[in-house]
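Structure first, then comments.
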C-alpha cells in the first residue's frame, strides 16, 4: 500500500516525563519518556525539540513500544524558535490585590470624638455669627456713606427753606443710628474673633488627642497592612529573581531529534513480519514496564536517553578530628547542580562515582631531594665564584629556604585557630591532672611500681588523660535531639559505585548547588605525628595519618577541617579505598620549638704521599617539647651525595650510618644522645636522607648533631654545594 503524505508531529521536551537522572563527575545521563504519541499508518516524522545545547549528539538513544518501525534518526543543534516570554510569561500583579492604605478619616475605629465634634459645632456657630456681624458692620458703613453722599448732593435753590431744619434733624438721627450699629458690630466682630481663636486652639488640641488615640487604635491594622505590602513586594522581587534566573539559562540554540517511523496497519501489525529487526512492535512482555503501551491506545511510547555535560556532581566532606582520642568522623556529601536549560521534574536522581578529581593542599610539608655534588674539573665547569661561597658559608640554599617560608603566611589566619585550640587543650589537661582522677592514678602507680615498667606507666597515664579529655569534650554535646540526614542507598557494580537519592527530585536550571548527605562515617584509626625538616624550615608540622576504617571508598574532593572543635579551613582529601590511609598536613604546631644552628666547617689536610683535603661539617638541631604529653616526631635532614669517586662523604655523627639502610638507636640505651628526653632511632635512606624517629617526653629538649666529612684530593673544588 502506497502513502503519498508523511504524518508529522512535534514534541517539546519540556512536556515529556523525566524518569531518571544519573549524575556523574563530568556528565549526566537523562532518561525521558514520550508517552502515547499518535502516529498514522505509513511514514511518520516525529520531531523532539528542546534538548540542551550541551547534549552529546552521539549519546542520543531512542527505543520504544508500539505498532511502528524506526527507520531513521537525525540529531542536530538548531536555533531557538520560541520566545522566552511565551514559555515563561511574567506574572503581573493584579491591581486589586494591592493592599489599600488606611486613610478613611470618617472611621473613628472605636475612639470617642464627641468633644471634638462639639468643638467643631461651636466653631461653626461662631463663624456664622462672625459672618453676619461683619455683614451688619459693612451695611452700616455703606449706609453712612450713602447718607453723606445724599446730603452733599442737595442743591440750595431746589430745597424749600422751611424744610432744611427737618432734613438736618433727620440726617442727625439716621447718622447717629447707623454709627451706633457700626460701633456695636465692630465690637462684636472683635469679640467673636477672640472667642473663635480660643475655640480654634481648643479644637486643635482635641484633634491631636483624637488622632493619637485613633493611631493607637489602628496601629495593629496599619502594621498588618504594612507587612502585607512588604510581603507583596518581596513576592514581586522573588518572581523577578526567578525570571532573571530562568533567563540566564534560556538557550539560543537547542538540540533536536528527528525520528522517522513507518506506522503499521492493523493487518500488518498482526502479521509475523511486523516483528522484524528494528521494529518497535513487541508481542511479549516489555523489559521496561514504565513505557508499556496502554491497552486501547493507537500511539507509540518512546524512551529517550542522552548525555549532557551541563550537570555534574562533586564530593564534599566535613572532616572532624580529635587529638585526645586519635579518632574522628567524616560526613560524605554530594554537591550536584543543573546548569542546563532543561528542567527535570519528579525524577529519580542517582549519583555515579566512576571518576572524579581533587585539588592540592594549601600547605605541603617540604620535601628533601637528593643533594648531588662533584669535583670541579680543570676547565671550571662554568661555576661562578658566587656558587663557591656556599662551601665557605653554609649548606643551605637561601633562595629555597625563603621560597619555603613564604607560603606559610598564606595560612596564618587558619593556624591561629589551631594554635588557640592547642593552648586550650593544654590548659584542660593541666586541670585534669590536678583533679582527683590523677590522685587515683598515682595511687595505682605506687601499688604496682614493682611490676610495671616505666614505659607502661606512661602509656597508662596517657590513656587516662585521653579518656578524661574525651569525656570532658563529649559532655557539651547532646545527641538525643540531633537532626538526622536522609542517607543514600549504595550499589556496587564492577568499578562503579552508585548512590540512589531517596524519593524523587525536581532539578530546575539554577546557578546554585544542592547538597545531599551520602554517608556519615566514623574514623577510629588516626595517628598524629610531627614532621620537622629544619634545613628548609625550623618548624614542626602536625601531620595526621587517617585510615579509612569504613566500607565506603572516598573520592578526592574538598573538605572542611575541624580539629578538636575548632574549624581550621578547607583542605583536600585524595582518593582513599576502604582500609587505605591518607595523610593531611594540619599546619605548624607552636608547641614544638625548633632551632637550627648555622653550620660550622673545619678543614684539614692529611696524607703523606697522597695528600687530600678534609672538611668536617657540623649542624645542630635543638627540639623542645613544651606540650604536656609526649610526642612522636620525624626529623628529616640530608648529607650530600658524591657523583665522583675521588670525593667521599662520610657521616661521623650519628654513629653507625655507613651505607644506605643502616640505622642506629639513640637516647636511653642507644649509642648516643643519652639523657631522659626519650628514645628514638635514626636511619640513612636513599639520596643521603637521614630520618630520625623520636618520642620526646613532655617538657623535654633533645639536641641532634649531624657531623659529616668530605674528603677530596688537594686543590680540588666541590661543585653543587647549593
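Numbering (the UniProt record's numbering), first residue to last: 1 to 722. Where a beta carbon is used, it is the ideal one built from N, C-alpha and C, also for glycine.
> Going by beta carbon distance, what residues of the same chain come within less than 6 Å of residue 618, once the five residues before and after it are set aside?
Replying inline: By the criterion of a C-beta distance shorter than 6 Å, residue 618 is surrounded in its chain by 600 and 707, once the five residues flanking it on both sides are discounted.
>> If I measure Cβ to Cβ from residue 579 and keep anything under 6 Å in the same chain, skipping five residues before and after, which residues do I get?
In response: none
>> Are the CB atoms of residue 331 and residue 213 within a distance shorter than 8 Å?
In response: no
> If residue 52 and residue 247 are in contact, beta carbons under 8 Å, what's the gap, nearest whole angstrom?
Replying inline: Incorrect: roughly 16 Å between the Cβ atoms, too far for contact.
> Between the beta-carbon of residue 632 and the beta-carbon of residue 508, is there less than 8 Å?
Replying inline: no
> What span of residues does the beta strand (DSSP E) with residue 51 cover, start to end?
Replying inline: 42-51
> With 16 as the cutoff for other CB atoms within 10 Å, does residue 220 come out buried or exposed?
Replying inline: exposed
> Secondary structure at residue 538, three-state DSSP: helix, strand or coil?
Replying inline: strand
> Any chance the segment 234-246 sits against the segment 315-332, with 3 or more Cβ pairs inside 8 Å?
Replying inline: no
> Which word fits residue 469, buried or exposed, when buried means at least 16 other C-beta atoms lie within 10 angstroms of its C-beta?
Replying inline: Interpretation of residue 469 is limited by its pLDDT of 39, a score under 50 that renders its predicted location unreliable; no figure is taken from the coordinates.
> Expressed to the nearest angstrom, what Euclidean distance is found between the alpha-carbon atoms of residue 115 and residue 206?
Replying inline: 7 Å
>> Could you give the first and the last residue of the continuous beta strand (DSSP E) run that contains residue 7?
In response: 7-12
> With DSSP run on the structure shown, which of helix, strand or coil describes residue 340?
Replying inline: DSSP places residue 340 in coil when its eight states are reduced to three.
> Are the beta-carbon atoms of residue 43 and residue 264 separated by less than 8 Å?
Replying inline: no
> In its own chain, which residues sit with a C-beta less than 7 Å from the C-beta of residue 686, not counting the 5 before and 5 after it?
Replying inline: Only 660 meet the Cβ criterion.
> Going by C-alpha distance, which of 163, 34 and 664 is nearest residue 65?
Replying inline: 34
>> Taking the beta strand (DSSP E) that residue 667 belongs to, which residues open and close that run?
In response: 663-667
> Rounded to a whole number of angstroms, what is the C-alpha to C-alpha distance between residue 729 and residue 558?
Replying inline: Not covered by the structure: residue 729. The range shown for the chain is 1 to 722.
> Looking only at C-alpha atoms, which of 118, 81 and 308 sits nearest to residue 61?
Replying inline: 308
> Which residue spans inside the segment 595-648 form an unbroken beta strand (DSSP E) run of at least 3?
Replying inline: Runs of the beta strand (DSSP E) inside the segment 595-648: 600-606, 612-625 and 631-638.
> Which same chain residues, not among the five before or five after residue 761, have their C-beta less than 6 Å away from its C-beta?
Replying inline: Any answer about residue 761 is impossible in this case: the structure gives the chain only from 1 up to 722.
> Pick from 315, 684, 589 and 544: whose alpha carbon is nearest that of residue 518?
Replying inline: 315
> Which residues share a DSSP beta bridge with residue 689?
Replying inline: According to DSSP, which records beta bridges pairwise, residue 689 is partnered with 638.
>> Once DSSP output is grouped into helix, strand and coil, what is the label at residue 432?
In response: Caution applies to residue 432, whose pLDDT of 39 falls short of 50 and renders its modelled position unreliable; the model cannot decide the point.
> Which residue from 644, 625 and 310 puts its Cα closest to that of residue 26?
Replying inline: 310
> So is residue 666 buried or exposed if we call it buried at 16+ other beta carbons inside 10 Å?
Replying inline: Flag for residue 666 reads buried.
>> Only counting the same chain, and skipping five residues up and downstream in sequence, which positions put a Cβ closer than 7 Å to that of residue 413?
In response: Because residue 413 carries a pLDDT of 40, less than 50, the predicted location of this residue cannot be relied on, and no value is offered for it.
>> Strictly by DSSP, which residues pair up with residue 313?
In response: 336
>> Could you compute how far the alpha carbon of residue 623 sits from the alpha carbon of residue 538?
In response: 10 Å
> Excluding the five sequence neighbours on either side, which residues of its own chain have a C-beta within less than 8 Å of the C-beta of residue 122, listed in chain order?
Replying inline: 199
> Leaving out five residues before and five after residue 576 in sequence, what residues of the same chain have Cβ atoms less than 6 Å from its Cβ?
Replying inline: Around residue 576, the same chain offers 548, 554 and 582 as residues with beta carbons nearer than 6 Å, after the five sequence neighbours per side are excluded.
> Apart from the five residues on each side of it in sequence, which residues of its chain come closer than 6 Å, Cβ to Cβ, to residue 186?
Replying inline: Apart from the 5 residues on each side of it in sequence, residue 186 sits with its Cβ closer than 6 Å to the Cβ of 137 in its chain, given in chain order.
> Under three-state DSSP, which class holds residue 520?
Replying inline: strand
> Are the CB atoms of residue 319 and residue 561 nearer to each other than 8 Å?
Replying inline: When the beta-carbon positions are compared, residue 319 and residue 561 come within less than 8 Å of each other.
>> Taking 8 Å as the threshold (C-beta atoms), are residue 710 and residue 653 in contact?
In response: no
>> Quick check on the DSSP output: the beta strand (DSSP E) that includes residue 569 runs from which residue to which?
In response: 566-573
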